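To keep things clear, I will list the structure first and then write my remarks on it.
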Amino acid sequence: MGSQMKKSADQPRAQWYWKSNSDSWSTNEQEEWTKYSDIESAIIEEAFNGTNKTKLADLDNYLINLNESIQISKSDPNRQRQIKRVPISRNETQGLREQRFFLPPGLSKTFNTDKGEGAYNFLSQWKKDKKLSNAEIVKQAAKGIITEGKQLDKHYESHYIARQLLAVRKKDRKEIYTCCIQLYTMECFLYKLINKALRENDTSKTSTLGPFCYILFRSWLTTEEKHTATLYRGVNIDDNQLTSYQEAIGQTRCWDGFTSTTKNHEKAQMFGNILFVIDATHNGGIDISALSDYDEEEVLLPPGTSFIINKVDPTEPHTLIYLQLLDLYGGGYGGPGGYGGRGDYGYRFYVLGGYFGPGGGGPDYDVL
1 MGSQMKKSAD QPRAQWYWKS NSDSWSTNEQ EEWTKYSDIE SAIIEEAFNG TNKTKLADLD
61 NYLINLNESI QISKSDPNRQ RQIKRVPISR NETQGLREQR FFLPPGLSKT FNTDKGEGAY
121 NFLSQWKKDK KLSNAEIVKQ AAKGIITEGK QLDKHYESHY IARQLLAVRK KDRKEIYTCC
181 IQLYTMECFL YKLINKALRE NDTSKTSTLG PFCYILFRSW LTTEEKHTAT LYRGVNIDDN
241 QLTSYQEAIG QTRCWDGFTS TTKNHEKAQM FGNILFVIDA THNGGIDISA LSDYDEEEVL
301 LPPGTSFIIN KVDPTEPHTL IYLQLLDLYG GGYGGPGGYG GRGDYGYRFY VLGGYFGPGG
361 GGPDYDVL
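Here it is, written out as structure tokens:
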């Protein structure tokens, strides 16, 4: 998928802002501007570039009047703020997004001991006994995200995501993967909701989020050119959570959600009190940096990623935790196609993926 997963870093785009001063119209205060979310900004940009002369954009809580360059509250039309458009070639932030790369304190446990059982169960519960075409899987993914958006009062954002998915439902699988990865990289509710459901093994979300998660998992699975160099991830964890890593040195643990890591050591140290130094030799991630508008050098690891905790080094200002990723199918050291250390769950992931991997012999379901 390497040649397909390209997006020009200099592709013209724009970021929209709303004036967030206490008095948006005051000329005596220093101006303060707040970004719209990526999808809100994309919705506004669509209206800006559209042929409709009214130049109105609908967001969940606001109406954007582009002719007047104002944001109007839907709950109180008298509450209005100025907006502005800033053309950019790439998101200009030099760091990593804190919510994407750095788990805040107290946000569930930082790992599981189930060797990927929870992640497998989440994916397989939706996939069970289904023989669907690619177009139908994408259609179900779009429908599920609209359902979740309705529950979160994110109607317009979720419909925007669904439109992007439905636009590629009849394309080849590589275009579908590219679309899903691009949507996953956007700063919106989607990636947060997906990983909350996976970490908590929230099976109530399998019917709505399962299809999108399955496509995203398959995009990792079918990528031949995985990034297998050292990766980094920063987190904030408390003393009890740190102790759990120290007590598990030499043991296998796993992350049930999709895990964002970076190739950039310096950026990974910007937040958090812990820095994971990840040896990805045996189970690499997919380099999705070319598909993101953020200069984060992101490499994405799949749900159920297992690792051995090799060392905990309490240095300053970050405690370093050295991890070695294990082969999703085999346990890491027997090469592709082996079913060693991971045992039954590794094989189940292999069957779920339905992919003739190197040295494999698993089924090929001919979907995605």
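Under the UniProt record's numbering, the first residue of the sequence shown is numbered 1, with each subsequent residue one higher.
Here a beta-carbon is modelled for each residue, glycine too, at the ideal position from N, C-alpha and C.
Note that the structure is predicted; figures quoted are calculated from it, not measured.
For K170, the secondary structure class from DSSP, reduced to helix, strand or coil, is coil. Remark: C-beta atoms of Q246 and D279 do not approach each other more closely than 8 angstroms. Looking from the CA of K205, the closest CA among K154, N134, N121 belongs to N121. Between T261 and the set A197, L326, E296, K19, the nearest pair of CA atoms involves E296. Approximately 18 angstroms separates the beta-carbon atoms of L221 and L209; this is outside 8 angstroms, ruling out the contact. C-alpha of I288 to C-alpha of I308: approximately 24 angstroms in a straight line. One thing to note: I249 has its Cβ no nearer than 8 angstroms to the Cβ of I215.
Bounds of the beta strand (DSSP E) holding T259 are 259-262. Here H265 is exposed. Its C-beta has fewer than 16 other C-beta atoms within 10 Å.
Pairing T203 with Q125 gives a Cβ-Cβ distance under 8 angstroms. Closest option to R81, judged by alpha-carbon separation, among Y156, W33, T54, L326: W33. Judged by their CB atoms, N67 and K55 are nearer to each other than the 8 angstroms cut-off. DSSP links H227 through a beta bridge to G285.
For T147, the CB contacts under 6 angstroms within the same chain, skipping 5 residues up- and downstream, are T208 in chain order. A distance below 6 angstroms between beta-carbons, with the five flanking residues on each side excluded, links L166 to the following residues of its chain, in chain order: A142. Shown here for E31: same chain residues with a beta carbon closer than 8 angstroms to its own, the five before and five after excluded, namely K19, N21 in chain order. Segment contact: the segment 219-237 against the segment 263-277, three or more CB-CB distances shorter than 8 angstroms; contact assigned. Where T319 is concerned, there is no enclosing alpha helix (DSSP H), although the beta strand (DSSP E) around it starts and stops at 319-325. By the CB criterion at 8 angstroms, I286 and Y156 fall outside the cutoff. DSSP links S292 through a beta bridge to no other residue.
With 16 or more other CB atoms across the displayed protein chains lying within 10 angstroms of its CB, K127 is buried.
Selection S24, Y17, S37, W16 evaluated against T185 yields S37 as nearest (Cα-Cα). Positions of the beta strand (DSSP E) runs, each at least 3 residues long and wholly inside the segment 44-94, are given as 56-58, 62-65, 70-73, 80-88 in order along the chain. Around the beta carbon of Q151, a 10 Å sphere encloses fewer than 16 other beta carbons of the protein chains shown; the residue is thus reported as exposed.
One thing to note: K74 has its Cβ within 8 angstroms of the Cβ of N61.
The beta carbon of V86 sits closer than 6 angstroms to the beta carbons of Q15 from its chain, once the five residues preceding and following it are set aside; these are given in chain order. One thing to note: I39 has its Cβ within 8 angstroms of the Cβ of C188. Each residue's CA atom was taken as its position, placing N283 and Q71 some 47 angstroms apart. In the structure shown, D129 falls within a coil segment according to DSSP collapsed to helix, strand and coil. Between D256 and N201, the gap from beta carbon to beta carbon is short of 8 angstroms.
Per DSSP, the unbroken alpha helix (DSSP H) holding I146 starts and ends at 134-151. Following the DSSP letters along the chain, one finds D238 in no beta strand (DSSP E), marked with neither H nor E. For the options Q269, D313, F48, G144, the alpha carbon positioned closest to that of R163 is the one of G144.
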